[in-house]
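Here is the structure we will look at.
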Amino acid sequence: MIRLSRPFVLPLLALALVACRDEAPRAPAAATPTPQGEVPLAEPPREPVELADVVETDPRYIVGITYPPEVNRYPGLAAELKAYSDAAREDLMEAVAGLEADATAGTLYDLALEYKVIADTPEIFAVAADGSSFTGGAHGAPLIARFVWLPQQDRLLTADALVRDPEAWRAIARYVREQLHAALSQRVDADDLDPAERERVVRSAGRMIDEGATPEADSFSEFEPVTGTDGRLVALRFVFPPYQVGPYSDGVQTVEVPAAVLLPHVDETYRPLFSEASAPQ
Numbered sequence: 002m003i004r005l006s007r008p009f010v011l012p013l014l015a016l017a018l019v020a021c022r023d024e025a026p027r028a029p030a031a032a033t034p035t036p037q038g039e040v041p042l043a044e045p046p047r048e049p050v051e052l053a054d055v056v057e058t059d060p061r062y063i064v065g066i067t068y069p070p071e072v073n074r075y076p077g078l079a080a081e082l083k084a085y086s087d088a089a090r091e092d093l094m095e096a097v098a099g100l101e102a103d104a105t106a107g108t109l110y111d112l113a114l115e116y117k118v119i120a121d122t123p124e125i126f127a128v129a130a131d132g133s134s135f136t137g138g139a140h141g142a143p144l145i146a147r148f149v150w151l152p153q154q155d156r157l158l159t160a161d162a163l164v165r166d167p168e169a170w171r172a173i174a175r176y177v178r179e180q181l182h183a184a185l186s187q188r189v190d191a192d193d194l195d196p197a198e199r200e201r202v203v204r205s206a207g208r209m210i211d212e213g214a215t216p217e218a219d220s221f222s223e224f225e226p227v228t229g230t231d232g233r234l235v236a237l238r239f240v241f242p243p244y245q246v247g248p249y250s251d252g253v254q255t256v257e258v259p260a261a262v263l264l265p266h267v268d269e270t271y272r273p274l275f276s277e278a279s280a281p282q
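Taking the working numbering, the leading residue of the sequence shown gets 2, the next gets one more, and so forth.
Shown next as structure tokens:
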């Protein structure tokens, strides 16, 4: 499903609106050896992609997508972003197709998606995708994705490649859940609820944390690099969209996991990405 961090209106989307009214699937990364040591055949190369901003209006819907121009330096990454955008647009158009002809005058669906560069070093180039897709209801469906590209390897860095041992996710998940529960307690305390209501909120939201941060790579698929002065990783910031570890009203939640916690579990291939100063002593 597609996901969102917070409501916002893209500059291009705003212009288009004035004119007309007042866990997406990603393509597989480069082939890696199978457990038997065999290397599967690589997929056929994709057609070159040159990303450009999109503004599309119709009496029934509006689409606004913006891309940072730097992404075009990496054709493989550009193809990943286009695939994500295309999947989001396909979802929107399926909903548009279901609109009754006589109901279009009062219904305007929209897709707003913005990509931003959040890291740019020789070893890591990362892009954040944030947006929403509105097809009715109280609010748009969240659109959240993070793309961490390794220029020297010409591939995406994914959670399951970063930490290959399924058991290792238990330690990482435990750290993340502790941070999320602590943040939950702080939010609830700030609301100054009566004891019975506080207990109910903590129990309900705490259950969402435990169910949304299970010890597996899929629970931590969206993450951002945190780099030090030398440009290498000192931490990873895991990003959780609304509904994964809390209600929609809590918005996007993040937990920064330091390299000292991660490195004992990181695959040897990717340990050079981390700063030596941040390694556990």
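Each residue gets a CB set at the ideal place from its N, CA and C atoms; glycine is no exception.
(Q) Using only the alpha-carbon positions, how far apart do Pro70 and Ser205 sit? (A) 43 angstroms
Q. From Asp161 to Val267, what does the alpha carbon distance come to, in whole angstroms?
A. 10 angstroms
Q.
Taking contact to mean 3 or more Cβ pairs, one atom from each stretch, closer than 8 angstroms, check whether the stretch 113-133 and the stretch 67-87 are in contact.
A. yes
Q) Given Ala130, which residues of its chain have a CB within under 6 angstroms of its CB, disregarding the five upstream and five downstream residues? A) Tyr116 and Ala146
Q) By Cβ distance below 7 angstroms, which residues in the same chain neighbour Pro26 in space, the five residues on each side in sequence not counted? A) Any reading at Pro26 needs caution, since the residue's pLDDT is 42, under 50, leaving its predicted position unreliable; the model's value is listed next. For Pro26, where only same-chain residues beyond five positions count, the Cβ hits under 7 angstroms are Ala88.
**Q.** Selected residue, minimal CA-CA separation from Phe239, among Asp231, Ser220, Gly232 and Pro248
**A.** Ser220
Q) Looking at Val50 and Ala79, is the spacing between their C-beta atoms short of 8 angstroms? A) yes
(Q) Measuring alpha carbon to alpha carbon, tell me which residue in Leu109, Thr58 and Leu151 is nearest Leu274. (A) Scanning Leu109, Thr58 and Leu151 for the CA closest to the CA of Leu274 turns up Leu151.
Q: Using DSSP bridges, identify the partner residues of Lys83.
A: According to DSSP, which records beta bridges pairwise, Lys83 is partnered with nothing at all.
Q. Around the Cβ of Pro242, are there at least 16 other Cβ atoms within 10 angstroms (buried) or fewer (exposed)?
A. buried
(Q) Please report the straight-line C-alpha distance between Gly207 and Ala184, rounded to a whole angstrom. (A) 11 angstroms
Q) Between the stretch 224-239 and the stretch 134-146, do three or more beta carbon pairs fall short of 8 angstroms? A) no
(Q) List, from N- to C-terminal side, the alpha helix (DSSP H) runs of 4 residues or more that fit wholly inside the stretch 133-195. (A) 160-163 and 169-192, all fully within the stretch 133-195.
**Q.** Where Tyr249 falls, given that 16 or more other Cβ within 10 Å makes a residue buried
**A.** exposed
Q. Opposite Arg199 in the DSSP bridges: which residues?
A. For Arg199, which the question treats as bridged, DSSP gives no partner whatsoever.
Q.
Extract the residue ranges of the alpha helix (DSSP H) inside the stretch 196-251, only unbroken runs of 4 or more that lie entirely within it.
A. 196-213
Q) Count the other CB atoms within 10 Å of the CB of Gln254; is the residue buried (16 or more) or exposed (fewer)? A) buried
Q: Look up Val65 in the DSSP assignment and give the residues it is bridged to.
A: A small fix is needed here, since residue 65 is Gly in this sequence, not Val. Bridge partners of Gly65: Val56 and Ala113.
(Q) Whole angstroms are fine: how far does the CA of Pro60 sit from the CA of Leu237? (A) 43 angstroms
Q.
Starting from Val262, trace the alpha helix (DSSP H) in both directions and tell me its first and last residue.
A. Its alpha helix (DSSP H) spans residues Ala260 to Leu263.
Q: Please classify Asp166: is it buried, with 16 or more other beta-carbons within 10 angstroms of its beta-carbon, or exposed?
A: Here Asp166 is exposed. Its C-beta has fewer than 16 other C-beta atoms within 10 Å.
Q. Sorry if obvious, but does the Cβ on Asp166 come closer than 7 angstroms to a heavy atom of the ligand SAH?
A. In the structure on display, the ligand SAH does not appear, and there are no ligands present to speak of.
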